[in-house]
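Mapping the sequence shown onto the UniProt record's numbering, position 21 (from 1) lands on 21, and the numbers just tick up by one.
Quick notes on the structure that follows.
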Amino acid sequence: MQTSSLFRCVETENRGLALGLQAISFRVLGSIPGPLLFGIAIDQACVLWGEACGVAGACVAYDNLHLSRYMFALCFVVKMISTIGFFIAWRSSVAVEASKTPLASPTIDATTARAYDNPALDST
Numbered sequence: 001m002q003t004s005s006l007f008r009c010v011e012t013e014n015r016g017l018a019l020g021l022q023a024i025s026f027r028v029l030g031s032i033p034g035p036l037l038f039g040i041a042i043d044q045a046c047v048l049w050g051e052a053c054g055v056a057g058a059c060v061a062y063d064n065l066h067l068s069r070y071m072f073a074l075c076f077v078v079k080m081i082s083t084i085g086f087f088i089a090w091r092s093s094v095a096v097e098a099s100k101t102p103l104a105s106p107t108i109d110a111t112t113a114r115a116y117d118n119p120a121l122d123s124t
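Okay, structure coming up:
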């Protein structure tokens with residue numbers, strides 16, 4: 001869905017660049033901060049940290065209510081940011097005309113046409 005809408009918005013000669021920029025933006029905006037933000041939210045919901053040899057370890061118990069609220073809030077904020085971005089793109093987009101000049105369709109006489117007759121491939 002995203003690739004097809006990207007192809008509709010970009011000129012033919014710039015499609016490769018557009019795909020590259022889209023891939024980079026997905027990596028930068030999704031793959032890097034996503035795990036960090038979810039990790040912080042999970043750590044904030046911890047009520048009991050494990051300890052081994054005087055060093056803090058993994059979380060032993062979570063507050064389920066706080067964890068669910070943190071996850072909902074994080075997902076809600078990200079969804080609102082993407083919705084705002086969608087509406088900005090929608091309002092700033094320009095309608096593209098379907099075609100400036102229609103293509104002439106070849107005419108074939110249906111009474112004498114054969115299966116191998118193809119006017120597009122005729123050399124004359």
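The beta-carbon is built from N, C-alpha and C at its ideal position, and this holds for glycine as well.
{"query": "Please state whether the Cβ-Cβ distance between Tyr70 and Val47 is less than 8 Å.", "result": "no"}
{"query": "Can you name, in chain order, every residue of its own chain whose Cβ lies under 8 Å from the Cβ of Ala56, other than the five neighbours on each side?", "result": "Trp49, Gly50"}
{"query": "What are the partner residues of Tyr62, as DSSP defines its beta bridges?", "result": "Cys46"}
{"query": "Closest to Leu74 by C-alpha separation, out of Arg8, Gln44, Val10, Phe7, would be which residue?", "result": "Gln44"}
{"query": "Beta carbon of Ile42, beta carbon of Leu67: below 8 Å?", "result": "yes"}
{"query": "Check for me: the alpha helix (DSSP H) holding Arg15 runs from which residue to which?", "result": "15-26"}
{"query": "Can you tell me whether DSSP reads Gly57 as helix, strand or coil?", "result": "strand"}
{"query": "Compute the Euclidean distance between the alpha carbons of Ser92 and Val78, then round it to the nearest angstrom.", "result": "21 Å"}
{"query": "Do Phe7 and Arg15 have their C-beta atoms within less than 8 Å of each other?", "result": "yes"}
{"query": "Excluding five sequence neighbours on each side, which residues of the same chain lie with their C-beta closer than 7 Å to the C-beta of Phe76?", "result": "none"}
{"query": "Give every residue of the same chain whose Cβ lies closer than 8 Å to the Cβ of Thr12, excluding the five residues on either side of it in the sequence, and list them in chain order.", "result": "none"}
{"query": "For Leu37, I'd like the list of residues in its chain whose CB is within less than 8 Å of its CB, leaving aside the five on either flank, ordered along the chain.", "result": "Leu74"}
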